[in-house]
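Residue numbers (UniProt numbering): 1 to 244. Using N, Cα and C, we set each Cβ at its ideal position, and we do this for glycine too. Quantities reported herein were computed from a predicted structural model and do not represent experimental measurements.
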């Protein structure tokens, strides 16, 4: 996770540390956390002490990872998220129809977070671990979410990429086209050999809740692109109706 340009507010520091740990696939040392958060070591240790006391973080051999309370939070989210509950049955149906992997994603700050993942039964398949996140910049999921979020939020995220004015204008034009089309399609943009299509999940008032993303090896989708795109868009629309 890229450290923010401004240090997080005092009340946000513990949550920032927890967010960094949640996004890491492996336990982290204090030195790694200092580098990832930009906090000085004394401040970092104070935040870790608070998080450990409440069970959000645990330590083993000098490395830190999410603690047991994080499991309770995840369980509570799974059982109470209207978005996940509304999406699961239609996601399973899309996997059965397409024979490819399907993810439910949402935007959190400058990241794309996977809320639910149903894998293809193929031995060669694409996947996105539930709970993991990637930068909200490239790939079908990120572009679909960026295209359909409020313009001020989208513009702030584009500004945060720090790209040239020309590249920023190109991105904005691409996102406008995606919003008009109602879906995003990318090929090998984040991971080589992966094709993806993503369609928005919208609540009442066209408020963005997330996106449904179908992903598959490029070699298997050739000639099937239009059909897979249609299946994904229909599935996202069905979930959107269930939320309204």
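| Asked | Found |
| --- | --- |
| When you compare only the Cα positions, how much space is there between residue 196 and residue 13? | 35 Å |
| Under DSSP, the alpha helix (DSSP H) around residue 144 begins and ends at which residues? | 140-148 |
| So if DSSP puts residue 96 in a beta bridge, which residue, or which two residues, is it bridged to? | DSSP lists no partner for residue 96. |
| Where residue 15 and residue 64 are concerned, what is the direct C-alpha to C-alpha distance, given to the nearest angstrom? | 14 Å |
| Determine the extent of the alpha helix (DSSP H) in which residue 250 is found, giving its start and end residues. | Any property of residue 250 remains undetermined from this structure, which presents the chain solely from 1 to 244. |
| For the segment 157-188, which segments carrying the alpha helix (DSSP H) assignment without a break, of at least 4 residues, lie completely within its bounds, in sequence order? | 165-181 |
| List the DSSP bridge partners of residue 196. | 186, 215 |
| CA-CA distance, residue 62 and residue 172? | 44 Å |
| Starting from the Cα of residue 138, find the closest Cα among 194, 88, 101, 89 and give me that residue. | 194 |
| Would you grab the beta carbon distance between residue 91 and residue 118 for me? Rounded to a whole angstrom, and I think it's under 8 Å. | 5 Å |
| Using the Cα positions of residue 115 and residue 57, report the straight-line distance between them to the nearest angstrom. | 21 Å |
| On a Cα-Cα basis, can you pick out the residue from 122, 147, 230 that is closest to residue 107? | 147 |
| Using the three-state DSSP reduction, which class does residue 132 fall into: helix, strand or coil? | coil |
| What are the residues that DSSP puts in a beta bridge with residue 64? | 28, 59 |
| Report yes if the C-beta distance between residue 333 and residue 213 is below 7 Å; otherwise report no. | An answer regarding residue 333 cannot be provided, because it is not within the stretch 1 to 244 covered by the chain. |
| Within the same chain, show all residues whose beta-carbon is closer than 7 Å to that of residue 21, passing over the 5 residues directly before and after it, in chain order. | 28, 57, 64, 65, 66 |
| Return the first residue and the last residue of the beta strand (DSSP E) that residue 101 is part of. | 101-108 |
| Which of the three DSSP states is assigned to residue 223 in this structure? | coil |
| Check this for me: beta carbons of residue 157 and residue 136, under 7 Å apart or not? | yes |
| Does the segment 164-179 come close enough to the segment 201-219 to have 3 or more Cβ pairs within less than 8 Å? | no |
| Taking C-beta to C-beta, are residue 103 and residue 128 nearer than 7 Å? | yes |
| How long is the line joining the alpha carbons of residue 200 and residue 183, rounded to whole angstroms? | 7 Å |
| Give me whichever residues DSSP pairs with residue 118 in a beta bridge. | 102 |
| In the DSSP output, what is residue 124 paired with across the bridge? | Residue 124 pairs with nothing; no bridge assigned. |
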